[in-house]
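Number 2 in the UniProt record's numbering belongs to position 2 of the sequence shown; there are no gaps in the numbering.
Accompanying notes for the structure given below.
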Amino acid sequence: MRDTESLPISALQHYLYCPRQCALIHVEMVWEENLFTAEGRLLHKRVDAGEAGRRGSIDEERSVPVRSERLGLYGVADVLEMRTGASGSSIPYPVEYKRGSPKVGDWDRGQLCAQAMCLEEMLELTIREGAIFYGRPRRREKVIFDDVLREKVEVSCRAMHSLIEGGVTPPPEHGRHCKNCSLLRVCMPKLSKQRKVEKYLLQGLEQ
């Protein structure tokens with residue numbers, strides 16, 4: 001893909017979380033901060049402020065730019081731990097920092113996998129795993145970049161590019177994840193659901 005078609009990896013995370021949220025942010029340019037986004041921004045600010053160095057026997061690089069022409073993605077890896085591979089060469093181990101707790105869905109894992117796929121294209125090597133550090137339990141979740149997760153990233157990237165290039169925001173669909181969305185007030189998924197019910201009832205009365 002051309003540079004003009006590149007999108008931030010954060011857009012993929014938004015898409016995996018909710019395609020409507022992705023469109024509101026990247027098509028309609030809507031953004032609102034809440035407690036969760038503010039805490040996440042401050043956490044990344046602290047991570048970015050750290051210096052490259054060593055943690056134990058592992059070299060660390062922070063805020064590393066990554067990109068993939070094939071996926072049409074660019075972004076920044078929070079931390080790359082340089083670990084020794086089977087052949088003795090250094091293999092990047094990406095670590096993403098998140099303020100909350102481990103998620104049931106794959107939106108965070110997909111974001112990390114996309115970072116690894118960008119690095120693979122840049123460095124011409126294979127990265128098999130990474131980790132997400134969650135601030136609430138203050139522990140890491142290991143993420144294996146298996147074929148299933150990679151395919152999900154590939155398919156979602158294509159769908160995300162199509163959505164944003166099409167410029168049409170999907171209608172709201174209320175779900176459990178809505179309560180933590182910073183765009184809940186703008187999206188109003190419950191109101192949309194209520195309108196659907198009202199329309200259905202009115203159609204029944206007209207028959």
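Glycine included, each C-beta is placed from N, C-alpha and C at the ideal position.
Just so it is clear, the structure is predicted and the values come from calculations on it, not from any experiment.
- Item | Helix, strand or coil at Met82 according to DSSP, with G and I counted as helix | Within the sequence shown, the letter at position 82 stands for residue 82. In this structure, Met82 counts as strand in the three-state DSSP scheme.
- Message: Could you tell me the alpha carbon to alpha carbon distance between Asp3 and Cys187, rounded to whole angstroms?
- Response: Indexing the sequence shown from 1 puts residue 3 at position 3. Indexing the sequence shown from 1 puts residue 187 at position 187. The predicted model places Asp3 with a pLDDT of 41, which falls under 50 and marks its position as unreliable; any figure quoted below should be read in that light. The straight-line gap from Cα to Cα measures roughly 30 Å.
- Message: Going by beta-carbon coordinates alone, are Cys113 and Val143 separated by less than 8 Å?
- Response: Taking the sequence shown and counting its residues from 1, one reaches residue 113 at position 113. Taking the sequence shown and counting its residues from 1, one reaches residue 143 at position 143. Contact flag set, yes.
- Query: Looking at the C-beta of Ser6, does it have a partner C-beta in chain B at a distance below 8 Å?
  - Reply: Included in the structure is just one protein chain, with no chain B present.
- In this structure, does DSSP put Ile164 in helix, strand or coil? Looking up residue 164 in the sequence shown gives position 164. Ile164 falls in the helix class under three-state DSSP.
- May I ask you to report which of helix, strand or coil DSSP gives Ser68? Within the sequence shown, the letter at position 68 stands for residue 68. DSSP places Ser68 in strand when its eight states are reduced to three.
- Using DSSP with H/G/I as helix, E/B as strand and the rest coil, what is Gly147? Counting from 1 along the sequence shown, the entry for residue 147 is found at position 147. The residue asked about is misnamed: residue 147 is Asp in this sequence, not Gly. Note: Asp147 maps to helix in three-state DSSP.
- Message: My output table needs one value for Arg99: the three-state DSSP class, helix, strand or coil.
- Response: On the sequence shown, position 99 is the one that residue 99 refers to. Reduced to three states, the DSSP call for Arg99 is coil.
- Task: For the alpha helix (DSSP H) containing Gly110, list its first residue and its last residue.
- Result: Here residue 110 refers to the residue found at position 110 when the sequence shown is read from its first residue. Here the alpha helix (DSSP H) through Gly110 covers 107-123.
- Bridge partner(s) assigned by DSSP for Lys142: Counting from one through the sequence shown, the residue named residue 142 turns up at place 142. According to DSSP, Lys142 bridges with Ala131.
- Determine the burial state of Arg136: buried for a count of at least 16 other Cβ atoms within 10 Å of its Cβ, exposed for fewer. Along the sequence shown, one-based indexing puts residue 136 at 136. Arg136 is exposed by the Cβ-count criterion.
- Message: With the cut-off set at 8 Å, would you say Ile25 and Gln111 are in Cβ contact?
- Response: Taking the first residue of the sequence shown as position 1, residue 25 is located at position 25. Taking the first residue of the sequence shown as position 1, residue 111 is located at position 111. Their beta carbons are not under 8 Å apart, which means Ile25 does not touch Gln111 by this criterion.
- Item | Touching by the beta-carbon criterion (3+ pairs, under 8 Å), the stretch 90-99 and the stretch 124-139 | yes
- 8 Å Cβ cutoff met for Gln13 and Asp108: Counting from one through the sequence shown, the residue named residue 13 turns up at place 13. Counting from one through the sequence shown, the residue named residue 108 turns up at place 108. Cβ distance < 8 Å, so Gln13 and Asp108 count as in contact.
- Message: Given a cut-off of 8 Å on the beta-carbon distance, is the pair Leu80 and Glu61 in contact?
- Response: By one-based count along the sequence shown, residue 80 stands at place 80. By one-based count along the sequence shown, residue 61 stands at place 61. Going by C-beta atoms, Leu80 is nearer than 8 Å to Glu61.
- Query: In angstroms, rounded to a whole number, what distance separates the CA positions of Asp146 and Asp106?
  - Reply: Working through the sequence shown from its first residue, we reach residue 146 at position 146. Working through the sequence shown from its first residue, we reach residue 106 at position 106. Looking at the two C-alpha atoms, the distance is approximately 13 Å.
- Alpha carbon to alpha carbon, how far is Ser63 from His177? Give it in angstroms, no decimals. Position 177 of the sequence shown, counted from the start, is the residue given in the question as residue 177. Position 63 of the sequence shown, counted from the start, is the residue given in the question as residue 63. When rounded, the distance between both Cα atoms is 28 Å.
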